[in-house]
Amino acid sequence: MRSKIAKVGIIGGSGVEELGFTAEFKDKKVKTRYGEVLVKTGLVKEKEVVFLNRHGWAYTAPGQINYLANLAALKEEGVGCIFATAAVGALHKKLAPGDLLLFDDLIDMTRKRVGSYDARAFIDMSTPYTPFLTEVVKKAAAGIKLKLEPNIIYVCTEGPRFETRAEIRLYKKFGGDVVGMTQVPEVILAAEISIPYAAIGVVTNYAAGVTSRRISAHEVLVVMKQRSAELARLLEAAIRAV
Ligand code: HPA
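If you count the sequence shown from 1, position 117 lands on 624 in this note's numbering, and the numbers rise without skipping.
See the structure below:
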């Protein structure tokens with residue numbers, strides 16, 4: 508059966524500025540009412556792909572990202588779904604640095620972000636990640652024999668600082684599995700403008716206090732780089748499957 512989704516959006520997070528398959532992609536400026544966004548467009552497995560670097564091509568911090576423009580640009584480009592990637596810290600030792608994850612739910616601990624296009628957007632968030640798309644990623648990983656941990660609960664913090672040990676203890680009690688800074692409001696805006704959205708996490712470190720190691724932005728990027736080939740393989744398989 509041919510897929511109904513002809514165009515796929517990819518949002519690359521920290522350390523995923525370029526994926527292997529974007530080498531031949533062309534730059535394109537997309538104008539939106541929220542600002543201009545630079546994307547890369549090209550073909551992957553005969554499917555049109557629009558690649559967007561979440562932090563912009565000159566790094567923007569998590570709280571300052573123009574999420575409204577990013578999502579509006581992908582809508583403008585007519586993508587039928589979005590696969591996103593995100594670096595995360597693990598809240599417990601069932602996960603380890605380097606693990607690939609699939610987010611299933613979210614706890615919003617951000618404070619200062621514009622979370623919707625419409626102030627009266629009462630959006631259902633009972634399944635923030637689109638179940639059919641999550642299933643596509645799960646099957647794509649199985650198809651290429653890649654280990655992917657599903658059903659992950661993501662806690663989104665304001666950042667850019669990393670968390671305190673007490674905050675991490677609290678988030679663990681809340682039922683979170685991982686912590687990161689960028690899923691809010693991205694996943695919410697995708698729901699608001701009706702673009703199916705799934706997100707793949709990469710554990711880059713244990714969160715504060717889970718081990719005695721200190722956390723650095725550098726180690727986050729190093730682990731992301733180490734896993735970017737696998738991530739590209741998974742995204743390629745998911746693009747082909749959707
Ligand atoms: N905390 C918040 N965001 C992150 C972390 C972390 O430990 N690692 C990668 N992104």
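A virtual CB, placed ideally from N, CA and C, is assigned to each residue, including glycine.
Assigned secondary structure, residue i (DSSP; H/G/I helix, E/B strand, else coil)
| i | result |
| --- | --- |
| Asn577 | helix |
| Pro569 | helix |
| Ala751 | Outside the shown range of the chain (508 to 749) lies residue 751, about which nothing can therefore be said. |
| Lys535 | strand |
| Ala548 | The question names Ala, yet the displayed sequence has Thr at residue 548. Looking at Thr548 - three-state DSSP - the assignment turns out to be strand. |
| Val644 | helix |
| Phe629 | coil |
| Leu559 | strand |
| Glu583 | helix |
| Ala591 | strand |
| Gly516 | strand |
| Gly527 | helix |
| Ala603 | coil |
| Glu737 | helix |
| Glu543 | strand |
| Pro635 | coil |
| Met508 | Note that Met508 scores 48 on pLDDT, short of 50, meaning its location in the model is unreliable; the coordinates nonetheless yield the value given after this. DSSP places Met508 in coil when its eight states are reduced to three. |
Per DSSP, the bridge partner or partners of residue i
| i | result |
| --- | --- |
| Asp612 | Ile660 |
| Ala748 | Beta-bridge pairing links Ala748 to no other residue. |
| Gly596 | Val686 and Asn712 |
| Lys554 | Val551 |
Open item on the list: Give me the pocket residues for ligand 1, defined as CB within less than 7 angstroms of any heavy atom, sorted by chain position.
Closed with: Ala594, Val595, Gly596, Thr664, Gly666, Phe669, Glu670, Val686, Gly687, Met688, Thr711, Asn712, Ala714, Ala715, Ile722 and Val727
Open item on the list: Extract the residue ranges of the alpha helix (DSSP H) inside the stretch 648-734, only unbroken runs of 4 or more that lie entirely within it.
Closed with: DSSP runs (the alpha helix (DSSP H)) wholly in the stretch 648-734: 672-681 and 690-699.
Task: Cβ pair count under 8 angstroms reaching 3, the stretch 700-718 against the stretch 596-604 - done: yes
Open item on the list: Quick test of the definition: if touching needs 3 or more C-beta pairs under 8 angstroms, does the stretch 659-677 touch the stretch 607-626?
Closed with: yes
Open item on the list: I want to know whether the stretch 625-638 touches the stretch 542-557 - three or more CB-CB distances under 8 angstroms.
Closed with: no
Task: Stretch-stretch touch, CB-based, cutoff 8 angstroms, three pairs: the stretch 643-651 with the stretch 569-584 - done: no
- [ ] State whether the stretch 725-736 contacts the stretch 670-685, with contact taken as three or more CB pairs (one from each stretch) at a distance under 8 angstroms.
- [x] no
Open item on the list: For the pair the stretch 509-518 and the stretch 565-572, tell me if three or more CB-CB distances fall below 8 angstroms.
Closed with: Counting Cβ pairs under 8 angstroms, fewer than three are found: no touch.
Task: Three-pair Cβ contact test at 8 angstroms for the stretch 690-698 versus the stretch 735-742 - done: Counting Cβ pairs under 8 angstroms, fewer than three are found: no touch.
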